[in-house]
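Trainee:
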Amino acid sequence: MRQNLPVTDVEYDYPDHELLMSTTDTKGTITHCNEAFCRTAGFSVDDLIGQPHNIIRHPDMPAEAFRDMWATVGHGRSWTGIVKNRRSNGDYYWVRANVAPIMENGKPTAYMSVRTKPTAEEVQAAQALHAALHAQQAAGRRDFYLHRGAVRYTGVRNWLGKLHRLSLTQRLALMLAGWLGLAWLSGLRADTVGTQAWQLGLLASAAGVILLYVHKVFTRPLAEANRQAHSIMICDLTRPVALSQGRSAIARQNEQLRQVLLNLRAVIGDARVEIGEVGKVSSSLAQDAGRLSRRTEAQASNLQETAASMEQVSAMVAQSMESVRSVLDGSQRSAQLAGAGGLAIAQVGTAMQNIEQSSGQMRQFVEVIEGIAAQTNILSLNAGVEAARAGEQGKGFAIVASEVRALAQRSAAAARQIRALIELSGEQVDQGVRSVAEVQRAIGQVVASVSDVNQLMAELDLATREQTIGIEQVNRAVSELDRLTQQNAAMVDATAASAENLTQNTGVLDRTLAVFRLPA
1 MRQNLPVTDV EYDYPDHELL MSTTDTKGTI THCNEAFCRT AGFSVDDLIG QPHNIIRHPD
61 MPAEAFRDMW ATVGHGRSWT GIVKNRRSNG DYYWVRANVA PIMENGKPTA YMSVRTKPTA
121 EEVQAAQALH AALHAQQAAG RRDFYLHRGA VRYTGVRNWL GKLHRLSLTQ RLALMLAGWL
181 GLAWLSGLRA DTVGTQAWQL GLLASAAGVI LLYVHKVFTR PLAEANRQAH SIMICDLTRP
241 VALSQGRSAI ARQNEQLRQV LLNLRAVIGD ARVEIGEVGK VSSSLAQDAG RLSRRTEAQA
301 SNLQETAASM EQVSAMVAQS MESVRSVLDG SQRSAQLAGA GGLAIAQVGT AMQNIEQSSG
361 QMRQFVEVIE GIAAQTNILS LNAGVEAARA GEQGKGFAIV ASEVRALAQR SAAAARQIRA
421 LIELSGEQVD QGVRSVAEVQ RAIGQVVASV SDVNQLMAEL DLATREQTIG IEQVNRAVSE
481 LDRLTQQNAA MVDATAASAE NLTQNTGVLD RTLAVFRLPA
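Every letter in the sequence shown is one number past the one before it in the UniProt record's numbering, and letter 398, counting from 1, is 398.
What follows is the structure, given as structure tokens:
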């Protein structure tokens with residue numbers, strides 16, 4: 001026998017109203033179990049399905065109990081007993097196990113076990129029984145054994161027990177046989193043989209009538225009731241239901257059992273149909289939820305990619321805005337430098353104009369000098385003429401006049417050179433003034449262009465700021481949409497899980513109701 005170890009001395013308690021249900025195939029492999037059974041046993045459904053049912057067997061249970069159970073259900077009968085089971089962590093719990101075979105064509109095809117919580121008195125009695133079974137096994141004797149969950153003794157006590165287990169018809173037959181025997185013995189006396197013969201015949205006839213009446217009124221209806229109850233017990237609802245005849249209590253009981261059987265057929269039949277429809281709906285819902293989940297995941301992925309792209313765009317716009325601000329600052333500095341250059345050129349132009357004015361004044365001075373040189377030359381010529389007239393007395397004066405004339409000529413020559421230089425300087429100054437004017441116009445154009453660039457850069461900076469604000473709004477909208485999509489995805493996953501759970505529960509219900517056989 002399988003030994004599930006380790007075990008503890010801790011008893012697990014569970015509610016009195018819970019029903020722990022499971023089904024197995026003919027080899028004892030678990031095919032279905034309800035939530036209460038899993039919770040009490042400490043296993044999950046996946047841990048139990050496909051496992052041998054003795055996974056919950058406690059080593060304190062005697063082997064005789066399971067031998068009797070398998071022998072009973074193997075013959076198509078139900079078995080009831082108090083059983084100690086082991087939880088997954090080694091703790092234990094007590095159940096009142098009710099095991100029934102699921103029959104098909106007169107043979108068990110599966111077994112269903114429904115367990116309830118036993119009373120404290122039942123547990124104490126079971127502990128004493130288990131101890132006695134272990135003791136006789138250790139001693140190597142067999143004073144008693146289990147049969148259909150009840151204690152059977154060996155030897156004389158077994159025969160007395162068989163008499164106690166006789167049916168009503170068998171007991172009545174024995175009683176009537178005893179009466180007939182007594183009547184026959186009393187009729188053996190010679191003086192009463194003739195008289196007792198007809199009495200014995202009459203008594204035998206009466207006994208036969210009584211037996212027939214008992215069989216018709218009690219035994220046959222009870223047998224029918226037992227057959228109906230047995231069909232319900234083994235979940236076989238295919239048995240034909242005949243209307244009970246008679247008005248006896250047993251007939252009324254049969255009628256009630258017939259109605260129970262019909263009610264079970266109707267309820268379970270409708271439940272199967274509805275469960276089938278629910279299964280279709282839940283399956284469709286699960287498929288739709290799966291498709292919606294995949295679309296939501298794709299949308300979430302696209303939103304994440306969009307958010308990443310928007311972050312890149314935002315970064316590029318921020319970088320562009322920094323570049324625009326840098327260019328705007330440089331343009332403003334260029335405008336300031338161009339303005340300063342224009343001012344300096346204007347000052348140069350003013351200086352050139354002042355030089356031109358000074359050159360004009362110098363021309364006037366040169367003209368005065370030239371006039372003086374011409375007058376001096378004329379005067380020296382006149383003085384030479386007068387000195388020549390004076391003869392010897394005028395020689396010295398003639399020499400002075402000659403020197404003065406030479407000086408006047410040099411002054412005139414120097415004045416001409418100065419005039420030439422002044423005229424050349426004037427031309428250069430004029431050219432400089434014209435160049436300065438052109439530079440002023442060019443600088444003015446540069447300043448105007450820089451001003452236009454500044455305005456454009458300011459507008460670009462404003463547009464970049466507005467674009468940044470718009471991108472931030474788009475980012476917030478994308479983030480909110482991503483959050484909502486994530487919530488939708490979570491809700492879709494929850495819906496899919498609920499649909500899957502509903503499908504599983506529908507399958508559980510379908511497997512639960514599958515133990516009932518309905519008419520085709």
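For glycine and all other residues, C-beta sits at the position ideal for the given N, C-alpha and C.
Just list the alpha helix (DSSP H) runs in the region 93-159, keeping only unbroken ones of 4 residues or longer that don't cross its boundaries, in chain order.
Mentor: Whole alpha helix (DSSP H) segments, 4+ residues: 120-139.
Trainee: Can you tell me which of the three DSSP states residue 61 falls into?
Mentor: On the sequence shown, residue 61 is found 61 positions in, with the first residue counted as 1. Looking at residue 61 - three-state DSSP - the assignment turns out to be coil, as it is neither helix nor strand.
Trainee: Excluding the 5 residues flanking residue 108 on each side, which residues of the same chain have their C-beta closer than 7 Å to its C-beta?
Mentor: As a first step, residue 108 is located in the sequence shown; it is residue number 108 there, counting from the start. Here the set comprises 26, 73, 74, 76, 101, 102.
Trainee: Expressed to the nearest angstrom, what Euclidean distance is found between the alpha-carbon atoms of residue 315 and residue 451?
Mentor: As a working note, residue 315 is residue 315 in the sequence shown. As a working note, residue 451 is residue 451 in the sequence shown. When rounded, the distance between both Cα atoms is 29 Å.
Trainee: On the DSSP letters alone, give me the boundaries of the beta strand (DSSP E) that residue 25 sits inside.
Mentor: Within the sequence shown, residue 25 is the residue found at index 25, counting from 1. Where residue 25 is concerned, the enclosing beta strand (DSSP E) stretches over 20-25.
Trainee: Buried or exposed for residue 456, please, with buried defined as at least 16 other CB atoms from any protein chain shown within 10 angstroms of its CB.
Mentor: On the sequence shown, position 456 is the one that residue 456 refers to. It counts as exposed.
Trainee: Among 63, 398, 449, 39, whose alpha-carbon lies nearest the alpha-carbon of residue 92?
Mentor: On the sequence shown, residue 92 is found 92 positions in, with the first residue counted as 1. Here the closest residue by C-alpha is 39.
Trainee: Determine the closest residue to residue 282 out of 90, 152, 507, with distance taken between C-alpha atoms.
Mentor: The residue labelled residue 282 in the question sits at position 282 within the sequence shown. Of the listed residues, the one whose Cα sits closest to residue 282 is 507.
Trainee: Could you give the residue range of the alpha helix (DSSP H) that holds residue 39?
Mentor: In the sequence shown, the residue the question calls residue 39 occupies position 39. Run containing residue 39: 35-41, per the alpha helix (DSSP H) assignment.
Trainee: Could you give the first and the last residue of the continuous alpha helix (DSSP H) run that contains residue 7?
Mentor: One-based indexing of the sequence shown puts residue 7 at position 7. First-last for residue 7: undefined, no H or E at that position.
Trainee: Would the beta-carbon of residue 149 fall within 8 Å of that of residue 94?
Mentor: As a working mapping, residue 149 is identified with position 149 in the sequence shown. As a working mapping, residue 94 is identified with position 94 in the sequence shown. Going by C-beta atoms, residue 149 is not nearer than 8 Å to residue 94.
Trainee: Using 8 Å as the threshold, is the region 367-374 in touch with the region 397-404, meaning 3 or more CB pairs across them?
Mentor: Too few Cβ pairs lie closer than 8 Å, so no.
Trainee: Can you pull the DSSP bridge partners for residue 83?
Mentor: Indexing the sequence shown from 1 puts residue 83 at position 83. Residue 83 pairs with 95.
Trainee: In angstroms with no decimal places, state the Cα-to-Cα distance between residue 306 and residue 114.
Mentor: One-based indexing of the sequence shown puts residue 306 at position 306. One-based indexing of the sequence shown puts residue 114 at position 114. Distance between the alpha carbons of residue 306 and residue 114 is about 58 Å.
Trainee: Can you grab the Cα-Cα spacing for the pair residue 190 / residue 256, in whole Å?
Mentor: For this step, residue 190 is matched to residue 190 along the sequence shown. For this step, residue 256 is matched to residue 256 along the sequence shown. With a pLDDT of only 44 at residue 190, under 50, the local geometry of the prediction cannot be trusted, and the value read off the model is given with reservation. Rounded to the nearest angstrom, the two C-alpha atoms are 56 Å apart.
Trainee: Using DSSP bridges, identify the partner residues of residue 30.
Mentor: As a working mapping, residue 30 is identified with position 30 in the sequence shown. Residue 30 is bridged to 24.
Trainee: Tell me, please, whether the region 276-293 touches the region 490-509 by the rule of three or more beta-carbon pairs shorter than 8 Å.
Mentor: Result yes; three or more Cβ-Cβ pairs closer than 8 Å.
Trainee: Expressed to the nearest angstrom, what Euclidean distance is found between the alpha-carbon atoms of residue 380 and residue 441?
Mentor: By one-based count along the sequence shown, residue 380 stands at place 380. By one-based count along the sequence shown, residue 441 stands at place 441. Between residue 380 and residue 441, the C-alpha separation is close to 55 Å.
Trainee: Assuming residue 123 and residue 293 make a contact with CB atoms under 8 Å, what is their CB distance in whole Å?
Mentor: For the purposes of this step, residue 123 is taken as residue 123 along the sequence shown, with counting starting at 1. For the purposes of this step, residue 293 is taken as residue 293 along the sequence shown, with counting starting at 1. With a Cβ gap of about 50 Å, residue 123 and residue 293 do not count as contacting.
Trainee: Tell me where the alpha helix (DSSP H) around residue 46 begins and ends.
Mentor: Working through the sequence shown from its first residue, we reach residue 46 at position 46. From DSSP, the alpha helix (DSSP H) with residue 46 extends over 45-48.
Trainee: Determine which residues share a DSSP beta bridge with residue 52 and list them.
Mentor: Translated into the one-based positions of the sequence shown, residue 52 becomes position 52. Answer is 29, bridged to residue 52.
Trainee: How would you call residue 10, buried or exposed, if buried means at least 16 neighbouring beta carbons within 10 angstroms?
Mentor: By one-based count along the sequence shown, residue 10 stands at place 10. Result: exposed.
Trainee: Name the residue from 151, 344, 20 whose alpha carbon lies nearest to the alpha carbon of residue 69.
Mentor: Taking the first residue of the sequence shown as 1, we reach residue 69 at position 69. Considering only alpha carbons, the answer is 151.
Trainee: State the CB to CB distance for the pair residue 96 and residue 118, rounded to an integer number of angstroms; the pair is presumed to be in contact (CB under 8 Å).
Mentor: Within the sequence shown, the letter at position 96 stands for residue 96. Within the sequence shown, the letter at position 118 stands for residue 118. Confirmed, about 4 Å.
Trainee: Quick one: using the 10 Å Cβ neighbour count with 16 as the cut-off for buried, is residue 503 buried or exposed?
Mentor: As a position in the sequence shown, residue 503 is number 503, starting the count at 1. Residue 503 comes out buried.
Trainee: With distances taken between CB atoms, is the gap from residue 41 to residue 18 smaller than 8 Å?
Mentor: For this step, residue 41 is matched to residue 41 along the sequence shown. For this step, residue 18 is matched to residue 18 along the sequence shown. No, they are not a contact pair.
Trainee: Taking all protein chains shown into account, decide if residue 469 is buried (16 or more other Cβ within 10 angstroms of its Cβ) or exposed.
Mentor: For the purposes of this step, residue 469 is taken as the residue at position 469 of the sequence shown. Residue 469 is exposed by the Cβ-count criterion.
Trainee: Expressed to the nearest angstrom, what Euclidean distance is found between the alpha-carbon atoms of residue 12 and residue 138?
Mentor: Numbered from 1 along the sequence shown, position 12 holds the residue referred to as residue 12. Numbered from 1 along the sequence shown, position 138 holds the residue referred to as residue 138. Residue 12 and residue 138: Cα-Cα distance of roughly 29 Å.
Trainee: Using DSSP with H/G/I as helix, E/B as strand and the rest coil, what is residue 88?
Mentor: Position 88 of the sequence shown holds residue 88. The answer is coil: DSSP assigns residue 88 none of H, G, I, E or B.
Trainee: Mapping the DSSP letters down to three states, classify residue 78 as helix, strand or coil.
Mentor: Counting from one through the sequence shown, the residue named residue 78 turns up at place 78. Residue state, collapsed to three classes: coil.
Trainee: Taking its Cβ as the centre, do 16 or more other Cβ atoms sit within 10 Å of residue 465, making it buried, or is it exposed?
Mentor: As a position in the sequence shown, residue 465 is number 465, starting the count at 1. Exposed is the call here.
Trainee: Mapping the DSSP letters down to three states, classify residue 291 as helix, strand or coil.
Mentor: By 1-based counting over the sequence shown, the position of residue 291 is 291. In the structure shown, residue 291 sits in a helix (DSSP, three-state: H, G or I).
Trainee: According to DSSP, simplified to helix, strand and coil, what is residue 16?
Mentor: As a first step, residue 16 must be located in the sequence shown, where it is residue number 16. Here residue 16 sits in coil by DSSP.
Trainee: Looking only at its chain, what residues have a beta carbon closer than 6 Å to the beta carbon of residue 398, apart from the 5 residues adjacent to it on each side?
Mentor: Residue 398 sits at position 398 when you count from the first residue of the sequence shown. Here the set comprises 384, 387.
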